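Novice: Counted the way this note's numbering counts, the sequence shown spans residues 39 to 281.
First, the structure itself, so that you have it in front of you.
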Amino acid sequence: MEVTLVTGTGEEYLLTGSVHTSKVLAPVGALVSLTGEAERSDLAVPARSGVVPGKRRFKSMDTTIEFHLVADSHEEMEALYWSFRRAWLKTVAARDAAPCVFRIEGARGTYFVDAVLGGVLPGVDVEPSRRLSMQLEVPVFNSRGLARSVAFLERGSVTVTNTGDGVIYPKIRRNGRTGTLTYPSGATSYLTGYMPEVIDTDPMVLREDKVYPEGVERGDSASWSLPSGMQLEWCQLVADPWG
39 MEVTLVTGTG
49 EEYLLTGSVH
59 TSKVLAPVGA
69 LVSLTGEAER
79 SDLAVPARSG
89 VVPGKRRFKS
99 MDTTIEFHLV
109 ADSHEEMEAL
119 YWSFRRAWLK
129 TVAARDAAPC
139 VFRIEGARGT
149 YFVDAVLGGV
159 LPGVDVEPSR
169 RLSMQLEVPV
179 FNSRGLARSV
189 AFLERGSVTV
199 TNTGDGVIYP
209 KIRRNGRTGT
219 LTYPSGATSY
229 LTGYMPEVID
239 TDPMVLREDK
249 VYPEGVERGD
259 SASWSLPSGM
269 QLEWCQLVAD
279 PWG
């Protein structure tokens with residue numbers, strides 16, 4: 039198993055490596071909180087024991103992870119430390135924000151946890167240029183509460199089967215094309231050239247009035263029919279990316 043942190047500023051750090059293979063590491067146990075936390079809306083049964091089990095819903099991931107930074111020289115540590123802080127600050131920047139992504143490669147395959155700064159970074163108690171190793175505790179936040187798989191892309195008539203834990207709302211890649219999109223319900227939309235090249239049907243972000251937020255529930259399948267040249271993109275969403 040390998041866990042790599044890919045920052046929005048372009049660096050990659052093998053968190054599960056060693057001081058010989060990576061400049062930023064995660065101590066043993068530091069990454070265990072990168073899983074979904076479920077809650078159920080169970081219903082009590084009057085005059086009987088037990089409950090009627092409700093549907094699982096996942097909270098956001100909201101945790102603190104300690105990172106261990108190592109360098110071969112004081113100059114290198116100074117550059118590394120401030121660069122690492124800037125990478126997390128960029129996740130919540132007012133302009134051109136970019137998340138840090140945990141890439142988890144394990145028995146179940148490759149999954150990604152998109153993370154932003156969940157609070158305020160701690161102060162600095164020692165000048166980095168005087169150290170060869172430092173720790174930094176980062177409050178980490180993932181609003182969806184689930185890890186995502188690699189993206190799937192298909193054209194034409196596409197059937198999406200949800201084998202994960204969260205509802206799948208696909209994206210439509212127009213690729214410069216226009217035409218009529220048919221949804222699983224049978225509803226249709228005409229996608230014009232004035233619409234964005236990538237249309238996210240997630241109701242949390244959908245802004246196009248004539249595009250419908252139809253998703254695929256856990257364990258279900260649904261089909262879309264796309265105009266020629268367009269693609270449907272989706273990911274599986276899982277609570278346990280570790281396998």
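All residues carry an ideal CB built from backbone N, CA and C; glycine is no exception.
Predicted model only: the values in this text are computed from it and were never measured.
Mark Lys93 as exposed unless 16 or more other C-beta atoms lie within 10 angstroms of its C-beta, in which case mark it buried.
Specialist: Exposed, because fewer than 16 other Cβ atoms sit within 10 Å of the Cβ of Lys93.
Novice: In whole angstroms, what is the alpha-carbon distance linking Leu219 and Tyr149?
Specialist: Using only the alpha carbons, I get a separation of about 29 angstroms.
Novice: Roughly how many angstroms lie between the CA atoms of Val176 and Phe140, to the nearest whole one?
Specialist: Answer to the nearest angstrom: the Cα atoms are 13 angstroms apart.
Novice: Is it the case that the Cβ atoms of Met99 and Glu116 are separated by a distance below 9 angstroms?
Specialist: No, the pair does not count as a contact, with Cβ atoms beyond the cut-off.
Novice: Just verifying my parser: in three-state terms, what is the DSSP assignment at Trp126?
Specialist: In the structure shown, Trp126 sits in a helix (DSSP, three-state: H, G or I).
Novice: Alpha carbon to alpha carbon, what distance is there between Leu229 and Glu113?
Specialist: Using only the alpha carbons, I get a separation of about 54 angstroms.
Novice: Let's see if you can read the secondary structure: which residues bound the beta strand (DSSP E) around Ala189?
Specialist: From DSSP, Ala189 is part of no beta strand (DSSP E); its letter is neither H nor E.
Novice: Between the C-alpha atoms of Ala68 and Ile103, what's the straight-line distance to the nearest angstrom?
Specialist: Rounded to whole angstroms, Ala68 to Ile103 spans 6 angstroms at the Cα level.
Novice: List the DSSP bridge partners of Gly144.
Specialist: Per DSSP, Gly147.
Novice: Quick check on Arg133: buried or exposed, where buried means 16 or more other Cβ atoms within 10 Å of its Cβ?
Specialist: That one is exposed.
Novice: Would you please verify whether the beta carbon of Ala185 is less than 9 angstroms from any beta carbon of chain C?
Specialist: Absent from the structure: chain C. Only one protein chain is present.
Novice: Just tell me which of Ala225, Gly217, Gly147, Leu191 has its CA closest to the CA of Leu264.
Specialist: Per the Cα distances, Gly217.
Novice: When the Cα atoms are used, what is the spatial distance from Ser181 to Ala85?
Specialist: The alpha-carbon atoms of Ser181 and Ala85 are separated by roughly 39 angstroms.
Novice: Check whether the segment 195-202 touches the segment 148-163, taking contact to mean three or more Cβ pairs, one atom from each stretch, closer than 8 angstroms.
Specialist: With the cut-off at 8 angstroms, the segment 195-202 and the segment 148-163 do not touch.
Novice: Under DSSP, the beta strand (DSSP E) around Pro177 begins and ends at which residues?
Specialist: Start and end: 171-180.
Novice: Taking the C-alpha atoms as reference points, what is the distance between Ser167 and Trp120?
Specialist: One C-alpha to the other measures close to 10 angstroms.
Novice: Which two residues bound the contiguous beta strand (DSSP E) that contains Val282?
Specialist: The chain is shown only over 39 to 281; residue 282 falls outside these bounds and no answer can be derived.
Novice: May I ask which residues mark the beginning and end of the beta strand (DSSP E) holding Gln269?
Specialist: 269-272 is the extent of the beta strand (DSSP E) around Gln269.
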